[in-house]
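Positions 9 to 586 (my numbering) are the ones given, in order, by the sequence shown.
Cβ coordinates follow ideal geometry from the N, Cα and C atoms, glycine included.
Written out below as structure tokens is the structure these notes cover.
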Amino acid sequence: MRDMSESPNSRQRLRHRYLILAFAVLLVLIAMLGLDLKNRGLAWQLMWSQTGEEAPLAQIRGLVEVGGNLLRQPLATEPFAPVKHKSDIPYGVNTFLQQEVERPKIEAMLAMIRDAGFVWLRQEFPWEDLEVDGRGQFKDSRQDHDGDGVVDTVDGWAKYDQIVDLTEAYGLRLLVRLSNPPDWSRADPEAGPFAPPDDLQDFVNYAVAIAGRYRGRISHYQVWNEPNIYPEWGNAFVDPPRYVEMLCRTHEALKRVDPEIVVVSAAIAPTISLDGYFGFSDLIFLQEIYDLGGGDCFDVFSAQGYGLFSGPTDRRLRPTSVNVARHTYYRDIMVRNGDAHKPIWLSEAAWNATLDAELPREQIDAFSRYGNVTQEQAARYMPLLYDRAQQEWPWIGNVMYWFFTRKDPFEANQSKYYFRMVEPDYQPEKPTFTPLPIYESVRDYIVNQEPILYRGRHQAETWQVSSEGTVVADESARFGRAKRFETGVAFRAQGTAVEIRWRPAESDDATWRVSRFDLSATGARSAMLDLGSDPAIVDEISVYDLSLNHLFPLVAAGLALVIVLAGTVAVAVRERLK
Numbered sequence: 009m010r011d012m013s014e015s016p017n018s019r020q021r022l023r024h025r026y027l028i029l030a031f032a033v034l035l036v037l038i039a040m041l042g043l044d045l046k047n048r049g050l051a052w053q054l055m056w057s058q059t060g061e062e063a064p065l066a067q068i069r070g071l072v073e074v075g076g077n078l079l080r081q082p083l084a085t086e087p088f089a090p091v092k093h094k095s096d097i098p099y100g101v102n103t104f105l106q107q108e109v110e111r112p113k114i115e116a117m118l119a120m121i122r123d124a125g126f127v128w129l130r131q132e133f134p135w136e137d138l139e140v141d142g143r144g145q146f147k148d149s150r151q152d153h154d155g156d157g158v159v160d161t162v163d164g165w166a167k168y169d170q171i172v173d174l175t176e177a178y179g180l181r182l183l184v185r186l187s188n189p190p191d192w193s194r195a196d197p198e199a200g201p202f203a204p205p206d207d208l209q210d211f212v213n214y215a216v217a218i219a220g221r222y223r224g225r226i227s228h229y230q231v232w233n234e235p236n237i238y239p240e241w242g243n244a245f246v247d248p249p250r251y252v253e254m255l256c257r258t259h260e261a262l263k264r265v266d267p268e269i270v271v272v273s274a275a276i277a278p279t280i281s282l283d284g285y286f287g288f289s290d291l292i293f294l295q296e297i298y299d300l301g302g303g304d305c306f307d308v309f310s311a312q313g314y315g316l317f318s319g320p321t322d323r324r325l326r327p328t329s330v331n332v333a334r335h336t337y338y339r340d341i342m343v344r345n346g347d348a349h350k351p352i353w354l355s356e357a358a359w360n361a362t363l364d365a366e367l368p369r370e371q372i373d374a375f376s377r378y379g380n381v382t383q384e385q386a387a388r389y390m391p392l393l394y395d396r397a398q399q400e401w402p403w404i405g406n407v408m409y410w411f412f413t414r415k416d417p418f419e420a421n422q423s424k425y426y427f428r429m430v431e432p433d434y435q436p437e438k439p440t441f442t443p444l445p446i447y448e449s450v451r452d453y454i455v456n457q458e459p460i461l462y463r464g465r466h467q468a469e470t471w472q473v474s475s476e477g478t479v480v481a482d483e484s485a486r487f488g489r490a491k492r493f494e495t496g497v498a499f500r501a502q503g504t505a506v507e508i509r510w511r512p513a514e515s516d517d518a519t520w521r522v523s524r525f526d527l528s529a530t531g532a533r534s535a536m537l538d539l540g541s542d543p544a545i546v547d548e549i550s551v552y553d554l555s556l557n558h559l560f561p562l563v564a565a566g567l568a569l570v571i572v573l574a575g576t577v578a579v580a581v582r583e584r585l586k
């Protein structure tokens, strides 16, 4: 029975005490949060893992924006769709070898690139530097090389023959970018140095000449670069129909040279612009490619992977903002247009380390155009991007770092210079380049990485399967080819279960079998799997990760418990205040 002698004043004082207590608890919680954020504790780590932001206020804002993902329609990424052209080791770097003169300098570059674990070079074969003197004339009569006052004519192919020879000698592969027409291909001198040719057949002929010369040595060609932004399409409005015509005509011609050639689309530039001149929305541009029939004209879709203004863990997805996960929207468009089997290659990926520039920021052109980070941040971010690509984005194939180095240090007044991996300080008396933190961190990551298959469906020839085997043609396999292992197949996978589509190699029964291996009943874990020592033909390996399904009941139970406790406390306080 309640004490009737309790006065209104005592109840008022009790309310004040509870308010003071609540306020004190709130202050303690705020102080604890501030201390956590200052020392990068659990709360900081949680918000960093969702927003890619390091500053506390930016993290809080970013966390609210991540919550906005729940209000938008989920993207159709089809993570378990089988994907072609992503079986090779995916690490690559952009180079400008055509600008170098000294062979020892080129070799020093390639040695450092190989030693860092890179396999791919994205290297432009500029049309303007090959077919220089006119249509069909792969020679260069622009300069007096011997100083005798007479212009010399040199073989336009010589430089590129050397690049191909040295790339092969160092065990590297080329993704050749086809772009940059010569002046003779355009009648309008004001069209801009990157404008397409007046006659697209001239471009097709240039592509065919390269593919024919290096048939069997170069298998991957990229048609143009960033056709949806200025100045990559010249001084003109973006023109999706003309780019699709260029892409399709080049695709058809290259396949005639060699059906095994892999045609890579131009890297689409991430932009929300709609003015059509300085930029044209990447999402609209991609859909127009499909609407115009361009989906049949590339084997690999290419995108840019710049982190720009946030880190590699940014999970915000909005059509009106750009971050490192922008390609997820491209994947959605590709899936909806029937191209779930095609990968996305990131032609350029990096963070711009301008904050450690020796020049004052006001002396650096476009200082904040690509975002601003320190060298330490750039070095820390790139391996995290590699990790995320493999663990969360099974449609991502090659990731090409932008870029190894430039030919000299005289571009230090431009923000793009600060993407470099090494200093351009090669000298004959010091025949190497000074590595920056980004080079060392990427090298340490790639060289020491343990290949692991993560969630998704992987072809048996994928680089993460280290067992020796032979690729064989098989019409009944997913993509017409499988891999034969004479002494069994072993690999490491991380997930809750694995399924392997295979059949005995020595059996008359050609029926595919599916074997399932459960790795964990409660959460994802890494395990080495072995099919035994008998010869087997394997088509694909599917890795499932249902750990979130197991985690959901625990989270729901925890939230329910918190709600019950909060309700109990609220009822008790209310009764006490009556």
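1) May I have the straight-line CA-CA distance separating A244 from Y229, to the nearest angstrom?
2) When DSSP labels each residue in this structure, what does D237 get in the three-state scheme?
3) For the segment 149-162 against the segment 244-256, do three or more pairs of beta-carbon atoms, one drawn from each stretch, fall closer than 8 Å, so that the two count as touching?
4) Would you kindly work out how many angstroms separate the C-alpha atoms of D587 and C256, rounded to a whole number?
5) Assess, as a yes-or-no matter, whether the segment 423-435 is touched by the segment 374-385 under the definition of 3 or more beta carbon pairs within less than 8 Å.
6) Taking the alpha helix (DSSP H) that V343 falls in, what are its first and last residues?
7) Taking only the alpha-carbon atoms, compute the straight-line gap between Y298 and N345 and give it to the nearest angstrom.
8) With DSSP collapsed to three states, give me the class of N102.
9) Along the chain, which unbroken stretches of the beta strand (DSSP E) at least 3 residues long are found entirely within the segment 193-245?
10) Fully enclosed by the segment 288-321, which alpha helix (DSSP H) runs are 4 residues long or longer?
11) Do the CB positions of A116 and F418 come within less than 8 Å of each other?
12) Exposed or buried, which one is F293 when buried takes at least 16 other CB atoms within 10 Å?
13) Going by C-alpha distance, which of E356, E240 and P87 is nearest Q399?
14) Entirely within the segment 103-185 and at least 3 residues each: give me those beta strand (DSSP E) ranges in chain order.
15) Can you list, in chain order, the residues of its chain whose CB lies under 7 Å from that of I460, leaving out five sequence neighbours each side?
16) If you reduce the DSSP assignment to three classes, tell me which class P249 lands in.
17) So, does the CB of E476 fall closer than 8 Å to a CB anywhere in chain D?
18) Can you tell me whether DSSP reads Y434 as helix, strand or coil?
19) Rounding to the nearest angstrom, what Cα-Cα distance links S474 and P204 in this structure?
20) Taking all protein chains shown into account, do 16 or more other C-beta atoms lie within 10 angstroms of the C-beta of Y285, making it buried, or fewer, making it exposed?
21) Using 8 Å as the threshold, is the C-beta distance between P320 and P112 below it?
22) I need the DSSP call for P603, collapsed to helix, strand or coil.
23) According to DSSP, simplified to helix, strand and coil, what is L554?
24) Using 8 Å as the threshold, is the C-beta distance between A490 and D547 below it?
25) Who are the near neighbours of V480 in its chain, counting only those whose CB is closer than 8 Å to its CB and skipping five residues on each side?
26) Applying the criterion that 16 or more other CB atoms from any shown protein chain within 10 Å of the CB defines a buried residue, is E356 buried or exposed?
27) Put K491 into one of helix, strand or coil per three-state DSSP.
28) Measuring alpha carbon to alpha carbon, tell me which residue in Y178, S310, S555 and D154 is nearest L118.
29) Taking the beta carbon of V330 as the centre, do at least 16 other beta carbons fall within 10 Å, making it buried, or is it exposed?
30) So what does W510 bridge to, in DSSP terms?
31) Go ahead and pull the three-state DSSP assignment for D516.
32) N360 and V381 - do their beta-carbons sit closer together than 8 Å?
33) Tell me, please, which residues DSSP counts as bridged to I592.
34) When you compare only the Cα positions, how much space is there between S541 and V506?
35) Less than 8 Å between the CB atoms is what I'm expecting for R181 and W128, so what's the real figure, rounded?
36) What first and last residue would you give for the alpha helix (DSSP H) that runs through T478?
Taking the geometry as given:
1) 25 Å
2) For clarity, residue 237 is Ile in the given sequence; the question names Asp instead. In this structure, I237 counts as strand in the three-state DSSP scheme.
3) no
4) Any answer about residue 587 is impossible in this case: the structure gives the chain only from 9 up to 586.
5) yes
6) H335 to R344
7) 7 Å
8) strand
9) 228-231
10) 290-299
11) no
12) buried
13) P87
14) 128-132, 147-151 and 160-163
15) Q472, R500, A501, Q502 and S534
16) helix
17) Of the chains in the structure shown, none is chain D; there is only one protein chain.
18) coil
19) 44 Å
20) exposed
21) no
22) What is shown of the chain runs 9 to 586, which leaves residue 603 out entirely.
23) coil
24) yes
25) R489, A490, K491, R492 and I545
26) buried
27) strand
28) Y178
29) buried
30) R521 and V546
31) coil
32) yes
33) This structure gives no information on residue 592, because the portion of the chain shown stretches from 9 to 586.
34) 19 Å
35) 5 Å
36) Note, T478: premise wrong, no alpha helix (DSSP H); beta strand (DSSP E) at T478 to A481.
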